[in-house]
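Numbering (my numbering), first residue to last: 13 to 459. Ideal placement from N, C-alpha and C gives every residue a C-beta, glycine not left out.
In structure tokens:
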């Protein structure tokens, strides 16, 4: 019998991780199968791709080349390529990798079980990289999980069209899920023991859903609804855009204690000139003002950001402005990477005169200062009592439990009691950059 062993390989962001979980749920519901952890014995291979980083296309074909040999040994294997690179490359994947059977996009993953059935039945290749609005969420089965923390996508796509970014072309325009569907999914998760919700979107704070009665649900209103769900201890979200960080959203930090003291707010550069070239639609002063207003409400708020280094036109003065921003605004963590051109984006037509050696040096400087910031904040946590939501047993040492602080640092500690899913107090006694170690002080009685 076919379809009994499925392997899913995922690249990229947390939204891709969420999509892959949904693919697994769909496959399990529609097809008699087992999801396995290695490709070697699978007869359905699914690759969920990401187009953000450099050479995403070549990475795809390199991986497909490995799977080609598996299919040569077993012609009944079905190879499926999904995600953003699938949308970007389309039928070109068939031309370069003729052994691929199915190409699907981020908005058509719900059609994958039927596509697999059709390929097996009719022996024809299939491609569907269309953008059918928010349709896919109507097909997702009730999610089963034993995790303490869960991701939930609330909005798809992006309308910002930053000059360097391929996402609007691969995931489409912004489409918000109905707020009632989001609330229902969270309620189903809390009934299974989930205590922390992590809301996802390319631009999560652009969330805006208008129902049939013309009620407008903004991101701030959605957060207020989620906070009222019984069993929700913490709320996180990723990724937000400074342009959509409204005063209403800032003010909910006065009202919702479940919102953690951690915000990931990508700025990309500390230079107004570069922000203009990137078409980010805000100034550095506007970005600073947002953070200042947030910290007026939550003085202990920790800030994470993204930085693109070596964007066309960037000078030493521009990179120094970025470093100044990091220090002035006490940015604690970052995802920093060297700019790489994406075909079809406006930035791909800009003249790039910065050599790679210089780009690497600039990246080193950014990471050096970020690491200094991280160490500074981690050092401040020594000998403090931190409240931790325990997520599980440490993968590499089963003598330790692990969880996270509000400011997103992983904490390891020992305990003779089963602490998974518990809220505990830990006294921090050691740290390595982002990672903290400590001793169990107490377990909250209201767990």
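Asked, Found
"Pair within 8 Å by beta-carbon distance, residue 7 and residue 38", "In this structure the chain extends from 13 to 459, so residue 7 is not present and cannot be described."
"Distance between residue 236 and residue 164 (C-alpha atoms, nearest Å)", "16 Å"
"Per-residue DSSP class, three states only, for residue 36", "helix"
"Contacting residues, own chain, Cβ-Cβ under 6 Å from residue 313 (five flanking each side not counted)", "273, 306, 307"
"Length at least 3, wholly inside the segment 286-337: the beta strand (DSSP E) runs in chain order", "314-321"
"Residues bridged to residue 17 (per DSSP)", "46"
"Beta-bridge pairing of residue 229 - partner residues as DSSP gives them", "221"
"Bridge partners - residue 170, DSSP secondary structure assignment", "None; residue 170 has no bridge partner."
"Residue 210 beta carbon less than 8 Å from that of residue 162", "yes"
"Cβ-heavy atom distance, residue 341 to the ligand ZN, below 7 Å", "With respect to the ligand ZN, the structure shown offers nothing to examine, as it has no ligands at all."
"Reduced DSSP secondary structure (H/G/I, E/B, other) of residue 95", "strand"
"Cβ contact (3+ pairs, closer than 8 Å) linking the segment 239-258 and the segment 205-221", "yes"
"Chain-order list of residues whose beta-carbon lies under 7 Å from that of residue 278 (same chain, five-residue window excluded)", "251, 317, 318"
"Pairwise C-alpha distance: residue 53 and residue 82", "9 Å"
"Segment contact, 8 Å Cβ cut-off, at least three pairs: the segment 141-155 with the segment 30-50", "yes"
"Buried versus exposed call for residue 135 [16 or more other C-beta atoms within 10 Å across all chains shown]", "exposed"
"Spatial distance of residue 299 from residue 271 (CA atoms)", "20 Å"
"Reduced DSSP secondary structure (H/G/I, E/B, other) of residue 142", "coil"
"Selected residue, minimal CA-CA separation from residue 309, among 225, 267, 168", "267"
"Cβ pair count under 8 Å reaching 3, the segment 285-298 against the segment 240-247", "no"
"Runs of alpha helix (DSSP H) wholly within the segment 248-291 (minimum 4 residues, chain order)", "259-263, 284-290"
"Alpha helix (DSSP H) segment containing residue 6, residue limits", "The displayed coordinates of the chain run from 13 to 459. Any statement about residue 6 would go beyond what the structure contains."
"CA-to-CA distance, residue 257 to residue 263, given in whole angstroms", "10 Å"
"Own chain partners of residue 377 with C-beta closer than 7 Å, once the 5 adjacent residues on each side are dropped", "331, 335"
"Exposure of residue 454, with buried meaning 16 or more beta-carbon neighbours within 10 Å", "exposed"
"C-alpha distance - residue 77 paired with residue 69, whole-angstrom precision", "12 Å"
"Assigned secondary structure, residue 156 (DSSP; H/G/I helix, E/B strand, else coil)", "coil"
"For residue 423, three-class secondary structure by DSSP", "strand"
"Simplified DSSP assignment, three categories, for residue 456", "coil"
"Where residue 178 falls: helix, strand or coil (DSSP)", "coil"
"Simplified DSSP state of residue 75, which is helix, strand or coil", "helix"
"Cα-Cα separation between residue 46 and residue 397, rounded to whole angstroms", "43 Å"
"Proximal residues to residue 30 (C-beta, below 8 Å), its chain only, five neighbours per side dropped", "163, 164, 165, 212"
"Identity of the residues DSSP links to residue 90 by a beta bridge", "56"
"Range covered by the alpha helix (DSSP H) that runs through residue 197", "191-202"
"CB of residue 48 within 8 Å of CB of residue 18, strictly", "yes"
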